[in-house]
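Our numbering numbers the first residue of the sequence shown as 1453 and each following residue consecutively. Report on the following structure.
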Amino acid sequence: FRVLEAAVELHRRSKGIFDIAIAATLQNMGLLPRPDGDPPAAVDGRLFDSIELLEDLMVRFGHRDVRIDLGGIAKGFAVDRALEVLRGFGLASGLVNAGGDLAAFGREPQTIHIRHPRDPRRLMCRVEITDEALASTARRFDLLSSAETTGSAIIDPATGKPTDVIDGATVRAGSCMMADALTKIVMICGTEAIEWLELHNASALLISSDGDVRITPDWHHAVHLAA
């Protein structure tokens, strides 16, 4: 329920850019499974407005075609919860890594190596983090030809289509759930997402479609690009 509350708040603050009511679109694209015999759902950018959070941890869908996908925020929440558990057992420092989403805790800095979105076999940069979180998201590329994209699972709610503004993004934030969600906003908005990053005291590294790497000014000191 906490994930849904955060998703609703982010949807409001981002003016609809962050949207979990995109599962029907992902199903129609073949990126999410559809139950046997279940017909394709109508795709409507206003479906999010029919999601209502009630008391007693209950949720009401005001439209039969509402289908939600928490893939853009839930893994970050899971990382945060795992970190809380470790701290609860008295660990002074450590790192919880769930693939593209991770969080460090304690006073010791952690070095994170980030792969290039066009070629996962190639190191793009290393990042130093201390008591904070990182999340990365990218478009999908053919491993045999890094120049060819196979699409994106990040849907722009304004168009109902996969975003192609940038190739990949890594976001640093105070919580992994927030970093996870903000990567989706950055993927959709590109450099225009800087105001959302500042609002949440977050930083970002963006890889444009022409290969340029852009880093928000407050993060240059911690990002070391590979030669």
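Just so you know, even glycine gets a beta-carbon here, dropped at the ideal spot from N, CA and C.
| Query | Result |
| --- | --- |
| Enclosing alpha helix (DSSP H) for Glu1647 [first to last residue] | 1646-1651 |
| Backbone CA spacing between Leu1554 and Gly1514 [nearest angstrom] | 35 Å |
| Cα-Cα separation between Ala1458 and Asp1471, rounded to whole angstroms | 11 Å |
| Distance between beta carbons of Trp1648 and Ile1687, contact taken as under 8 Å | Residue coverage of the chain in this structure runs from 1453 to 1679, which leaves residue 1687 outside it and unanswerable. |
| For Ser1466, the three-state DSSP class (helix, strand or coil) | coil |
| Closest residue to Gly1528 among Gly1542, Pro1669, Thr1589 (Cα-Cα distance) | Thr1589 |
| When Ser1545, Val1518, Arg1591, Arg1559 are compared against Pro1614, the one with the closest alpha-carbon | Arg1591 |
| Leu1456 to Ile1607 span [Cα, whole Å] | 18 Å |
| Neighbour-count burial assignment, Pro1572, 16 or more Cβ in a 10 Å radius | exposed |
| Nearest-angstrom Cβ-Cβ length linking Ser1655 and Asp1619, presumed shorter than 8 Å | Rounded, the Cβ-Cβ distance is 18 Å, inconsistent with contact. |
| Cβ pair Val1548, Val1531 closer than 9 Å | yes |
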